[in-house]
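Residue numbers (the working numbering): 635 to 667.
In what follows, a structure is listed as structure tokens, so that the remarks can point back to it.
Here you go:
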């Protein structure tokens, strides 16, 4: 039987990391909840 691939969830960026949306802002100042 073929094995199922694990679904890898994207990691949340740290607050001071660049925002993944591409705005150039820090994550905490842009898209963090």
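We put the CB at the ideal spot given by N, CA and C, even for glycine.
Here the structure is a predicted model, which is why all the values come from computation and not from measurement.
Give me whichever residues DSSP pairs with residue 639 in a beta bridge.
For this step, residue 639 is matched to residue 5 along the chain shown. DSSP output for residue 639 lists no bridge partner at all.
What does a CB cutoff of less than 7 Å around residue 665 pick up in its chain, not counting 5 residues either side in sequence?
Position 31 of the chain shown holds residue 665. For residue 665, where only same-chain residues beyond five positions count, the Cβ hits under 7 Å are 653, 655.
Measuring straight from C-alpha to C-alpha, what distance separates residue 667 and residue 645?
The count along the chain shown starts at 1 and reaches residue 667 at position 33. The count along the chain shown starts at 1 and reaches residue 645 at position 11. Taking the straight line joining both Cα atoms gives about 14 Å.
Leaving out five residues before and five after residue 663 in sequence, what residues of the same chain have Cβ atoms less than 6 Å from its Cβ?
Numbered from its first residue, the chain shown carries residue 663 at position 29. Excluding sequence neighbours, residue 663 sits near nothing in its chain.
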